[in-house]
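Reading through the structure tokens given below for one structure.
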Amino acid sequence: MRVALICFGMMSIFQFNYAADVTGDWVGTVTFAQKPVPMRLHFETPANAQTGTITIPTERIMGSAVVNIKFDTNNLHFELQTPSGSINFDGILIENSIQGTLNKGELHEKFVVVHLFSGKPKTYFGIYELN
């Protein structure tokens with residue numbers, strides 16, 4: 001019997017070797033009021049100056065620049081400037097994920113993201129047939 005399998009590439013897009021830095025794409029969740037919502041981070045390191053963006057669609061944050069990025073050993077810090085003030089993100093790189101907290105005034109929430117495969121996911125996306 002032939003089975004058609006639609007492969008969304010979720011298993012193939014996760015990087016299995018451990019990240020030495022935070023450069024690249026990260027996806028996961030941030031928890032607001034005990035409800036996890038999707039979050040995406042992207043970091044680049046052009047000429048030794050770390051840059052990055054954050055996307056949290058449910059909060060209408062779409063590709064917004066993050067500032068004050070600091071990555072030392074396994075500790076990561078960055079900030080998102082909003083009209084109502086700065087949101088601070090502090091996390092720890094553990095193997096291939098970053099786990100941490102975001103803080104803004106009395107708001108203290110958790111986030112976790114995993115590093116995506118550095119290859120081109122479109123290479124693995126498609127319909128596969130198993131015999």
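Counting in the working numbering, the sequence shown runs from 1 upward without gaps. The beta-carbon is built from N, C-alpha and C at its ideal position, and this holds for glycine as well.
Supposed contact pair residue j and residue i - C-beta distance, whole angstroms, cut 8 Å
{"i": "GLY100", "j": "ILE92", "result": "6 Å"}
{"i": "VAL22", "j": "GLU109", "result": "20 Å between Cβ atoms; not a contact."}
{"i": "LEU116", "j": "VAL27", "result": "6 Å"}
Separation of residue j from residue i, as counted between CA atoms
{"i": "GLY52", "j": "PHE43", "result": "4 Å"}
{"i": "GLY63", "j": "ILE69", "result": "16 Å"}
{"i": "VAL137", "j": "ASN96", "result": "No answer is possible for residue 137: it lies beyond the span of the chain, which begins at 1 and ends at 131."}
{"i": "LEU76", "j": "GLU129", "result": "42 Å"}
{"i": "THR55", "j": "ALA65", "result": "9 Å"}
{"i": "ASN74", "j": "PHE111", "result": "16 Å"}
{"i": "ILE94", "j": "ASP25", "result": "16 Å"}
{"i": "MET39", "j": "THR58", "result": "9 Å"}
{"i": "ASN103", "j": "ALA47", "result": "29 Å"}
{"i": "PHE8", "j": "ALA33", "result": "Bear in mind that a pLDDT of 33 at PHE8, under 50, signals an unreliable position, so the model cannot answer this."}
{"i": "LYS35", "j": "PRO83", "result": "23 Å"}
{"i": "ILE98", "j": "GLY85", "result": "24 Å"}
Cβ-Cβ distance between residue i and residue j below 8 Å
{"i": "PHE71", "j": "PHE89", "result": "no"}
{"i": "VAL67", "j": "GLN81", "result": "yes"}
Those residues which DSSP pairs with residue i across a bridge
{"i": "MET62", "result": "According to DSSP, which records beta bridges pairwise, MET62 is partnered with nothing at all."}
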